[in-house]
Every structure is written in C-alpha cells, then in structure tokens.
Amino acid sequence: MERGLLIDGKAIAAQIRQELKSETDRLIQNGVQPGLAVILVGRDSASETYVRGKVRACAEVGIHSEQIRMPEETSEDELLDQIRKLNRDSSIHGILVQLPLPEHISPNRVISEIDPDKDVDGFHPINAGRLATGLDSFLPCTPHGILQLLKRTGVQVAGKHAVVVGRSNIVGKPVSLLLQRENATVTMCHSRTEHLQAHTRQADILIAAVGKRHVITKDDVKPGAVVIDVGMNRNEQGKLAGDVDFEEVRPLASHITPVPGGVGPMTIAMLLYNTCLAAEASGDQNL
Ligand SMILES: NC(=O)C1=CN([C@@H]2O[C@H](COP(=O)(O)OP(=O)(O)OC[C@H]3O[C@@H](n4cnc5c(N)ncnc54)[C@H](OP(=O)(O)O)[C@@H]3O)[C@@H](O)[C@H]2O)C=CC1
Ligand SMILES: Nc1nc(=O)c2c([nH]1)NC[C@@H]1CN(c3ccc(C(=O)N[C@@H](CCC(=O)O)C(=O)O)cc3)C=[N+]21
Ligand SMILES: [Mg+2]
C-alpha cells in the first residue's frame, strides 16, 4: 500500500483557476464580467494576507474585484449600509466580509444582511439551511475545496468513516454535511470530546479543523488514513503550520495535505467558483 502521498492543493487549485478562466471568458462574451467585493474591517495581518490572495486570484481568472477597507471603529450600522449598497450593485455578484470582525460588530447580523444570492462564502443562514436540507446552495469554500481535493485525488469517500475534528459554522459543520452527502459515515469531534484519539484512530479520512498546532500527532492516526489539515497556525517566528504534525504523520498516512499549499489555495479557488456561479445566475434573471 502506498504511503505518504502529498495532496498538492496548490497545483489542484491552479488547475481549477484555469478551468474558471474559460468560464469567465465565456461569461464576459455574454456581457457579464463576474464581480466580487471583499470587505475588510480593521487591521489584521492574517486577514490582509488572505484578502490580498483573493484579489490576486480574481485578477488571474478575469473576475472584477473590489477591496473595501473600513476602519476598526466602523459601526455595525455603517457596515450594514455598505452591504446593502453592494446588494443593489449589479456589477457585484459576490460579497465577502472577511472574518473575524472587530468585537463590537455581530458577525451573525452582518452575514444575514448579505443577499443570499451574493453570499459566495455560503455563510448566510438561508444557504446553511439549504445545504443542511439537501437543496442547491453556495457551498462554503473551505469544505467544498476539501471535497474537490478528495475527488480530484481519487480518494473514495462513499462508505468510508470520516472523522472531523472541529465543529465551526465555517469549516467543521459544513464539511461534515458535505461528506455525509457523499455517503461517508461521519463522526464530529470538538473541544469537549472525550477520548479524542479513540475517535481519530478510527478515521479512514481525518479532517483537522481546530486551529492548534500539532493537535494531531502520529498516535492519533490510523495507518493508511487520508489526512486533511485545515489549520492555519503561525509559530513564534511567523512560520505557517497546520493542526497536524506533518513530518511524523506523513509516513503513515496514505495521502496528506501540506500547510501551506493544501486546503488554503482551494478555499480561494472555490470562492472564485462561487463568484462565477453567482454571475451566471444573475445572467439568467436578465433573460
Ligand atoms: N485553510 C483554510 O482555507 C482555512 C483555514 N482555517 C483555519 O482552520 C482552523 C479552524 O478554523 P475555524 O473552524 O474557523 O475555528 P474555530 O475556532 O471557529 O473552531 C475550532 C473548533 O475546534 C474545536 N477544538 C478546539 N480545541 C480542540 C481540541 N483540543 N480538541 C478538539 N477540538 C478542539 C472547537 O471546539 P468547540 O466547538 O467545543 O469550541 C471548535 O469546534 C484555524 O486554524 C483557521 O485559521 C479556517 C478557515 C479556512
Ligand atoms: N468571510 C471569510 N471567508 C473566508 O473564507 C475566510 C475568512 N472570512 N476568514 C479567514 C479564513 C481563512 N481563510 C483562508 C484562505 C486562504 C488561505 C490560503 O491561501 N493559505 C495559503 C497560505 C497563505 C499564507 O502564506 O499566509 C496556503 O495554505 O497555502 C488560508 C486561509 C479564509 N477564511
Ligand atoms: Mg495528541
């Protein structure tokens, strides 16, 4: 049995961007250039890096993007007004409000204000509910990116036991729904899980979405498992690391994603995908 194969998210994401470039070319010929607005409130160096990555990827694919920077002291009402303006703007098909927001702004209130048809993060309760009930919706980018990695690597999901560590609304919860939709048997773990290792060691597919360095070490992994590392942690030197101890887990995993170069680039690729979908749908309404 092969071991330690790298799932190259960077290369797979580049492939998807290339596919999307043809899609945007086609949309532009039909008179609709997909447009994405990214709102960044306050200063957070990690957020700034991610937003820069999103803007750069849009340019590469031919998606129009606007970066809207608002100061830390922005009130919730001012942010809601900005969202309403973008909801009405026909050149903007996708709206993303970079999280986390400053303490005084309620992320739920803000997400709920985004037009669900422009909710390219898939975070609006309407889209979350549609996903949970099996209706068509924008799929949250990181979970969708993970499913694409598995699919494009040829990993069988149906019938397999997937264990997801983390239950956030943006990663853990939706990825577990998507895996179930693909007929995996899913276990969800979190900070209150007893005997975490007993669960993770059962996984054929292990997804780590915690946000703590080295929560997953070699003793937490069944030999031959597929390991997907969502974590984005910076050490004291500012070096990026995942939730998985990559060096020691790689030799026993069948496949593993690196950090960086694994899930992160896929998140951005799926954001571009959703923006193209939104632009396409807006065209339908204009017919
Ligand atoms: N690569 C990418 O594209 C993306 C990466 N990320 C990264 O993924 C990580 C997770 O993000 P996000 O889901 O937003 O994080 P959250 O902080 O919202 O959620 C973390 C989850 O991990 C659980 N948890 C915390 N400690 C433990 C532990 N010791 N054992 C088991 N479970 C634990 C928490 O449990 P509880 O619910 O009980 O608190 C919670 O459910 C972060 O590093 C983030 O930066 C996020 C989005 C995209
Ligand atoms: N509304 C909203 N939507 C999000 O999708 C969202 C968010 N808020 N807040 C923060 C998280 C995090 N996230 C990442 C996106 C890309 C990389 C990424 O491209 N990572 C590169 C490395 C980047 C680097 O070097 O710092 C990689 O893993 O190779 C990482 C993390 C999206 N998020
Ligand atoms: Mg451990």
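With our numbering, letter number 79 in the sequence shown gets 192, and the count goes up by one each step, no holes. Don't be surprised by glycine CBs; every beta carbon is placed ideally from N, CA and C.
Asked: R347 (DSSP reduced to helix, strand or coil); Found: strand
Asked: R363, buried or exposed, once every other Cβ within 10 Å from all chains shown has been counted against 16; Found: buried
Asked: Proximal residues to A391 (C-beta, below 8 Å), its chain only, five neighbours per side dropped; Found: P147, H206, G207, D230, K231, V233, F251
Asked: Range covered by the alpha helix (DSSP H) that runs through E360; Found: 359-362
Asked: Assigned exposure category for Q211 - 16 Cβ within 10 Å defines buried; Found: buried
Asked: Supposed contact pair K273 and D317 - C-beta distance, whole angstroms, cut 8 Å; Found: 4 Å
Asked: 8 Å Cβ shell around L140 - same chain, five flanking residues per side excluded; Found: Q146, P147, C389, A392, E393, G396
Asked: Length of the line joining the Cα atoms of L400 and N143; Found: Only weak support is given to the placement of L400: the predicted model assigns it a pLDDT of 46, under 50, and the question is left unresolved by the model.
Asked: Boundaries of the alpha helix (DSSP H) in which H257 is found, first to last residue; Found: 254-266
Asked: Separation of G337 from M114, as counted between CA atoms; Found: 8 Å
Asked: P256: CB within 7 Å of a non-hydrogen atom of ligand 2; Found: no
Asked: Heavy atom of ligand 2 within 7 Å of G396 beta-carbon; Found: no
Asked: H217 (DSSP reduced to helix, strand or coil); Found: coil
Asked: Candidates T313, N282, Q269: closest to N296 by CA position; Found: Q269
Asked: Residue from E191, R314, K264, I320 whose Cα sits closest to the Cα of S219; Found: E191
Asked: Alpha-carbon spacing of N240 relative to G377, whole angstroms; Found: 22 Å
Asked: Uninterrupted beta strand (DSSP E) stretches inside the stretch 262-346 (no shorter than 3 residues); Found: 274-278, 298-302, 318-321, 339-342
Asked: Reduced DSSP secondary structure (H/G/I, E/B, other) of I129; Found: helix
Asked: N-terminal and C-terminal residue of the beta strand (DSSP E) that I239 is part of; Found: It is not in any beta strand (DSSP E) - I239 instead sits in the alpha helix (DSSP H) that spans 238-246.
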